[in-house]
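Working notes, structure below.
Residue numbers (the numbering used here): 50 to 527.
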């Protein structure tokens, strides 16, 4: 244990990412997938007539999940090649099959195909967790679809919306991300066995120039690994644009969560809403009364990392000279894994917050009623016009009275007396009681409640029906 304390350990491993996402990027997943690909290659080559026996395939299958790491690591110190080290180690366990392991393949057969499989499996976790957030926000939006609250443009009070309608804005961005992710997953293709420069020359030699068998070999491997297709053409690797596409999607999730977390941080400052705050949680070491939005702040922090990290694969893709270079490797293994680990962490927090959002209805109503007289002025003006008033004169009077009332509120801390001012102005021909009838917040939310229901029925529910699994609960690490 002492040795670990002297070495860097990623916070994704100790604080942020889930065990299931960490496993997808683990050595065990990587190297057992390599072995599954070697088995798949051997089975397909055997099926197409190469001299490979059932016994050899069975021997390979026996040791797929029993990687002899000590042998592979010792061998790599000698040959300085990770793939050939694992071919050697696998062969030590499977002496009868040692001669046919990796037959005709290049390193990218296992390396790149495994990376594609990792993209698929990591994306499944992201999709599962994103739909859980969507489900949580659906319940929240329906519960508060009718609750009027202040809406903001430029972070200045605008017309009213409802708490539930605002939640649909968060949901809609998640919907866009989910749809984008599903598109990328549906179009993800295995590399297949393309050879050193993408020409499949080694496999043409193996099958004596039979192109149909070479193509069928690839189709058999794709099917065995759960893919419908392999990429149609490539150099030695699959196009690094694929990584760029997936990290762009992850950046989208980060952006959506970032907006949610910032909105909630502001609302918590307004004391209208809060993220969950546990009984014994400490908000500040110096100020015991504080309830800091640490969960939302963590989302914001991780989201910035993902957004910046998503630039990496695009730069890598653009510098893959001709059929390939190796300057992708170090960058790729860090940027892709950490983007997924960070988004996994973000979604874990998002699940946690969205399942326990706290709404302070009385504070929301008080803040609405403080501003509502200003927002009601158009309705008041229209009613005064009906009683014979001049629209232009009334508009100017409202402007003057509103500015005066706002000045008293801001400068002297006085109560908003706009309604009193308007009821005393003979231009309006309305008494205070008549004007106060216009101060019902539900009159100023437009179609917000019905928009919530329509959005959920028409957009959200089909996504949940298609992709939602068992409920996910998320307990945060410190």
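The C-beta atom is built at its ideal place from N, Cα and C for all residues, glycine as well. Since we're looking at a predicted model, the values are computed, not measured.
| request: For the alpha helix (DSSP H) containing residue 294, list its first residue and its last residue. | output: Per DSSP, residue 294 belongs to the alpha helix (DSSP H) from 290-319.
| query | In or out: residue 410 buried (at least 16 other Cβ within 10 Å) or exposed? | reply | Classification for residue 410: exposed.
| field | Alpha-carbon to alpha-carbon, residue 271 and residue 355 | value | Straight-line measurement puts the Cα of residue 271 at about 31 angstroms from the Cα of residue 355.
| Complete runs of the beta strand (DSSP E) confined to the region 180-225 [at least 3 residues] | With a minimum length of 3 residues, the continuous beta strand (DSSP E) runs that stay inside the region 180-225 are 197-202, 205-211.
| request: Out of 273, 363, 268, point me to the one whose CA is closest to residue 297's CA. | output: It is 363 whose Cα lies nearest to the Cα of residue 297.
| query | According to DSSP, is residue 239 helix, strand or coil? | reply | Residue 239: strand per DSSP, three-state reduction.
| query | When DSSP labels each residue in this structure, what does residue 279 get in the three-state scheme? | reply | If DSSP states are grouped into helix, strand and coil, residue 279 belongs with the strands.
| Is it the case that the Cβ atoms of residue 114 and residue 138 are separated by a distance below 8 angstroms? | Contact flag unset, no.
| residue 494 by DSSP, collapsed to three states: which one? | For residue 494, the three-state secondary structure derived from DSSP is coil.
| Own chain partners of residue 518 with C-beta closer than 6 angstroms, once the 5 adjacent residues on each side are dropped | Apart from sequence neighbours up to five positions away, the residues of its chain that approach residue 518 with a beta-carbon distance below 6 angstroms are 177, ordered along the chain.
| Span separating the alpha-carbon of residue 493 from that of residue 193 | Distance from the CA of residue 493 to the CA of residue 193, rounded to the nearest whole angstrom, comes to 16 angstroms.
| Where does residue 407 fall in DSSP's three states? | Looking at residue 407 - three-state DSSP - the assignment turns out to be strand.
| message | Within the continuous alpha helix (DSSP H) that includes residue 81, where are the two ends? | response | Looking at the DSSP string, the run of the alpha helix (DSSP H) that includes residue 81 is 76-96.
| said: By alpha-carbon positions, which one of 382, 375, 361, 307 ends up nearest to residue 346? | reply: Closest option to residue 346, Cα to Cα, is 307.
| message | So the candidates are 255, 198, 209; which of them puts its Cα closest to the Cα of residue 408? | response | The residue with the shortest Cα to Cα distance from residue 408 is 198.
| Neighbourhood of residue 122 by C-beta distance below 8 angstroms, restricted to the same chain and skipping five residues each side | When the five nearest sequence neighbours on each side are left out, the beta carbons in the same chain lying within less than 8 angstroms of the beta carbon of residue 122 are those of 134, in order along the chain.
| field | Cβ-based burial, residue 86 [other Cβ within 10 Å; buried from 16] | value | Per the 10 Å Cβ criterion, buried.
| Alpha carbon to alpha carbon, what distance is there between residue 377 and residue 149? | For residue 149 and residue 377, the distance between alpha carbons rounds to 29 angstroms.
| Where residue 427 sits in the DSSP three-state scheme | If DSSP states are grouped into helix, strand and coil, residue 427 belongs with the helices.
| field | C-alpha distance - residue 404 paired with residue 301, whole-angstrom precision | value | Using only the alpha carbons, I get a separation of about 22 angstroms.
| Any 3 or more C-beta pairs closer than 8 angstroms across the region 381-397 and the region 70-81 | Yes, the region 381-397 is in contact with the region 70-81.
| task | Would you tell me roughly how many angstroms separate the C-alpha atoms of residue 166 and residue 380, rounded to the nearest one? | result | Looking at the two C-alpha atoms, the distance is approximately 19 angstroms.
| Separation of residue 454 from residue 466, as counted between CA atoms | Approximately 6 angstroms, taken between the alpha carbons.
| said: Let me make sure I understand the geometry here. Which of 419, 82, 428, 435 has the alpha-carbon closest to that of residue 457? | reply: The alpha carbon of residue 457 has as its nearest neighbour, out of 419, 82, 428, 435, the alpha carbon of 419.
| Nonlocal neighbours in the same chain, by C-beta distance under 6 angstroms from residue 170, ignoring five residues either side | These residues qualify, in order along the chain: 73.
| task | Give every residue of the same chain whose Cβ lies closer than 6 angstroms to the Cβ of residue 101, excluding the five residues on either side of it in the sequence, and list them in chain order. | result | Result list for residue 101: 91, 94, 95, 149, in chain order.
| message | Can you check which of these residues, 282, 284, 340, 239, is closest to residue 273 by C-alpha distance? | response | That would be 239, whose Cα lies nearest to the Cα of residue 273.
| Other residues of its chain near residue 250: CB distance less than 7 angstroms, five sequence neighbours each side excluded | Closer than 7 angstroms at the Cβ level, and outside the excluded window around residue 250, lie 244.
| task | Tell me residue 323's beta-bridge partners as DSSP assigns them. | result | Per DSSP, 407.
| task | Could you give the DSSP three-state label for residue 287: helix, strand or coil? | result | Correct three-state label for residue 287: coil.
| task | Note down the Cα distance separating residue 337 from residue 286, rounded to an integer number of angstroms. | result | Low confidence applies to residue 337: its pLDDT is 44, below 50, so where it sits in the model is not reliable, and the reading given next is rough at best. Just so you know, the alpha carbons of residue 337 and residue 286 end up roughly 56 angstroms apart.
| request: Please state if the CB of residue 447 and the CB of residue 399 are separated by a distance shorter than 8 angstroms. | output: Not closer than 8 angstroms, so no.
| Going by the beta-carbon positions, is the gap between residue 444 and residue 474 smaller than 8 angstroms? | The answer is no: Cβ separation not under 8 angstroms.
| Bounding residues of the alpha helix (DSSP H) (the contiguous stretch that carries residue 128) | Counted as a single uninterrupted DSSP element, the alpha helix (DSSP H) harbouring residue 128 occupies residues 118-128.
| task | State the DSSP-derived secondary structure class of residue 357, mapped to helix, strand or coil. | result | DSSP places residue 357 in helix when its eight states are reduced to three.
| query | Hey, how far is the Cα of residue 440 from the Cα of residue 299? | reply | Taking the straight line from one Cα to the other gives about 52 angstroms.
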